[in-house]
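Remarks on the structure that follows.
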Amino acid sequence: MAEEKRIGLSLAETLRIAWKAIAANPLRSALTALGVIIGVAAVVALTMVGQGTTRNVTQLLEGLGTNLLTVGPAQGNRGPGGGLVRAGGPETIPLSDAYAIQEAFAEEVVGVAPVAQGRFQIRSGSTNFQATVVGTWPDFAKVRNAEPEKGSFFTWDDVTAKRRVAVLGYGVAEDLFGTDDPLGQRIRINGIPFTVVGVLPDKGDQGFVSTNYQVFVPLSTYLQRLARPEAGEAKVNTIYLQGASRDRLKDLQERLTRFLAERHGLTDPNDYDFSVANQQDALESVNATTRTLTLFLGGVAAISLLVGGIGIMNIMLVSVTERTREIGVRKALGARPRDILAQFLAESVVLSVGGGTLGVVLGLGLAGAVGRALTVTPVFSPGSAVVAFFFAVLVGIFFDLYPAWRAARLDPVEALRYE
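Residue 314 in UniProt numbering sits at position 314 of the sequence shown; the count goes up by one each step and never skips.
And the structure:
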């Protein structure tokens, strides 16, 4: 007894007593840890889904092509900057701008691809439906990461000769020809025959980025045979450019803006009738938004950890009251206040560690389920899981400090008299 008073309880003995007290009330212990389990699971799951969403958006935008600049119609007179410009707006960009850019920035641009597009009836045999037909230049294949899986993209000779050739998106080719080889087959676009020279790979469900249900034809053919613009200078929806260097993309964007402003005779950015968007700016903006949303949702989920901590404190206060006589007996046998404090803190740590571990496991499963429902591949972040786990442990310790302190200060004589 004197020896125990001198050295106190070992860590192993403290944990054994703590586990015995927890196991004596399994249902109450499970309900106490439930708040921690839910909180950790929510933080882990939301973080994984949020990071998975960020990665998916990044891959989606990079699917547009690398080092991409997009010249499009003015977006609310917002000047030269702006986000991602989608093809499909009004045809307000002079085609001559594309030729001028190609000549003036030949050393700094890998490819230039003006785009004009519209919805037309596509037919082969008895199969017909509407799809987006895109008139463009051969550089579109490398600028927009659209190299054919079968056959090839059309050439500059096709553009010059205004040939009626077409490259089909994966979905269009599958709907028209099924398992048959589309290459060399004839299709009709708006009643006009075209020969299939290439088929793009399956781009999946990528929203407006997907080329699956698009048909690509030489821009000259599109303007002459399909769009049939009014007399005057030919115009397009968008001009895509691929810069030679990612590091100089911002500088290229600024000089391109000044170049087009001079061509259009404009000096005030508020009067610009065009916009030049940088893919990297759009990517950083979207990623910043998703990161902020992930942090916000993670913060909301962390509140449940605090609620769980309050639950731990409440249960431990009840436990102190119920075990007052036990505390008195232990003190009478030589246990010091710090031994009592360590015992109750150990109980809280065991509950928090157990709850945190189960929370991480549950969070992994929950992230997988949510990811499948949202068609997002969750990204496991060891750092986030570790932070959530240790935060749960710290919350448990913090909220158990008062109950443990209260137990340690009990007078042994008064505690032994407690009924």
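We put the beta carbon where it would ideally sit given N, CA and C, even for glycine.
query, result
"Let me check one thing: in DSSP terms, what residues is LEU241 bridge-paired to?", "LEU69 and VAL112"
"I need the DSSP call for ALA106, collapsed to helix, strand or coil.", "coil"
"Whole angstroms are fine: how far does the CA of THR92 sit from the CA of ARG291?", "35 Å"
"Mark THR127 as exposed unless 16 or more other C-beta atoms lie within 10 angstroms of its C-beta, in which case mark it buried.", "exposed"
"Considering only heavy atoms of the ligand MN, does any lie closer than 7 Å to the CB of ILE101?", "In terms of ligand content, the structure shown is empty, and the ligand MN therefore cannot be addressed."
"State the start and end residues of the unbroken alpha helix (DSSP H) segment that holds LEU293.", "279-322"
"With a CB to CB cut of under 6 Å and the five nearest residues on each side skipped, what residues in its chain are close to ASN67?", "GLN242, GLY243, ARG246 and LEU249"
"Alpha carbon to alpha carbon, how far is PRO26 from LEU60? Give it in angstroms, no decimals.", "49 Å"
"Sort out for me which residues DSSP pairs LYS235 with in a bridge.", "PRO94"
"Between GLN59 and chain C, is there a C-beta pair that is closer than 8 Å?", "No chain C is present in this structure, which holds just one protein chain."
"Taking its Cβ as the centre, do 16 or more other Cβ atoms sit within 10 Å of ILE192, making it buried, or is it exposed?", "exposed"
"Measure the beta-carbon distance from GLY356 to VAL40 and round it to whole angstroms, keeping in mind my assumption that it falls under 8 Å.", "5 Å"
"When the Cα of ALA282 is compared with those of ASP180, THR58 and ALA18, which residue comes out closest?", "THR58"
"Do you know offhand how far VAL361's Cα is from ASN287's?", "27 Å"
"Which of the three DSSP states, helix, strand or coil, is assigned to ARG86?", "In this prediction, ARG86 has a pLDDT of 48, which is less than 50 and means its spatial position is unreliable; nothing more can be read from the coordinates."
"Please report the distance separating the alpha-carbon of THR14 from that of GLY354.", "17 Å"
"Identify, in the order they occur along the chain, each residue of the same chain with its Cβ nearer than 8 Å to the Cβ of TRP405, setting aside the five sequence neighbours on each side.", "LEU341"
"Check this for me: beta carbons of ILE187 and ARG123, under 8 Å apart or not?", "yes"
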